[in-house]
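Q: Below is one structure. I have some questions about it.
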Amino acid sequence: MIHTFEPIYNQESKILILGTFPSVKSREGNFYYHHPRNRFWRVLSSIIGVKQPETIEDKKNMLLQNCIAIWDVIYSCDIKASSDSSIQNVVPNDIANLLNNSNIETIYANGGKSYELYNRYCYKNTKKDIIKLPSTSPANASYSLDKLIESWSSAIQLELL
4 MIHTFEPIYN
14 QESKILILGT
24 FPSVKSREGN
34 FYYHHPRNRF
44 WRVLSSIIGV
54 KQPETIEDKK
64 NMLLQNCIAI
74 WDVIYSCDIK
84 ASSDSSIQNV
94 VPNDIANLLN
104 NSNIETIYAN
114 GGKSYELYNR
124 YCYKNTKKDI
134 IKLPSTSPAN
144 ASYSLDKLIE
154 SWSSAIQLEL
164 L
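In the working numbering, each residue's number is its place in the sequence shown (first place is 1) plus 3.
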């Protein structure tokens, strides 16, 4: 399976949020966090203090206007459906090149698997630490929306000011 969409960033991007690999719904929608139960867009819009974006264009604009970049650790892999635990044969994205061509200062992992994969496959090339945030995936049922917003806010709010 190959990752088919580009990172969202520009020269003003200060933070990078990394997922693992697009879910089935995201691959179908050809955009990040497309599953209707994934809480990524609700969490981020709440932290920023804006209305939750509906369209892909609105989502891109919200990210770029707030100096946020998003991408995934994995370029290609073997994966069963959307299960991060099934990921094998990883080929990472070139995160180092993205960092070298932007002003990104801080990297966040959307969940433990992206944190683990970044450290295993990308850190040696970037030499940049990553901060682990709880996953916004619907599979992370132990975190309510409010708990996710609180956890993410405490980690990235200062970056956004």
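Beta carbons: idealized from backbone N, C-alpha and C, even for Gly. What you are looking at is a predicted structure, and each value in this text was computed from that prediction instead of being measured.
Just to confirm, are K96 and I73 a CB contact at a threshold of 8 Å?
A: Residue 96 is actually Asn in this sequence, not Lys. No. Outside cutoff.
Q: Using 8 Å as the cut-off, can you tell me whether the stretch 29-48 makes contact with the stretch 132-150, which would need three or more C-beta pairs spanning the two stretches below that distance?
A: The stretch 29-48, when compared against the stretch 132-150, does touch it at the 8 Å Cβ threshold.
Q: DSSP on G52, reduced to helix/strand/coil?
A: Coil at G52, not helix or strand.
Q: I'd like the span of the beta strand (DSSP E) that includes I18, first residue to last.
A: I18 -> beta strand (DSSP E) spans 18-22.
Q: Which of helix, strand or coil does DSSP assign to I59?
A: Reduced to three states, the DSSP call for I59 is helix.
Q: Roughly how many angstroms lie between the CA atoms of N13 and R40, to the nearest whole one?
A: Looking at the two C-alpha atoms, the distance is approximately 28 Å.
Q: Are T23 and K116 close, meaning C-beta to C-beta below 8 Å?
A: A contact, by the Cβ cut-off of 8 Å.
Q: Which of the three DSSP states, helix, strand or coil, is assigned to A99?
A: DSSP places A99 in helix when its eight states are reduced to three.
Q: Quick check on DSSP: helix, strand or coil for Q68?
A: In this structure, Q68 counts as helix in the three-state DSSP scheme.
Q: Where are the alpha helix (DSSP H) runs, 4 residues long or more, that stay fully inside the stretch 117-146, in chain order?
A: Runs of the alpha helix (DSSP H) inside the stretch 117-146: 126-129.
Q: L66 and I11 - do their beta-carbons sit closer together than 8 Å?
A: Contact flag set, yes.
Q: Judging by CA-CA distance, which residue of Q68, L102, S26, E60 is the nearest neighbour of I51?
A: Ranking Q68, L102, S26, E60 by Cα distance to I51 puts Q68 first.
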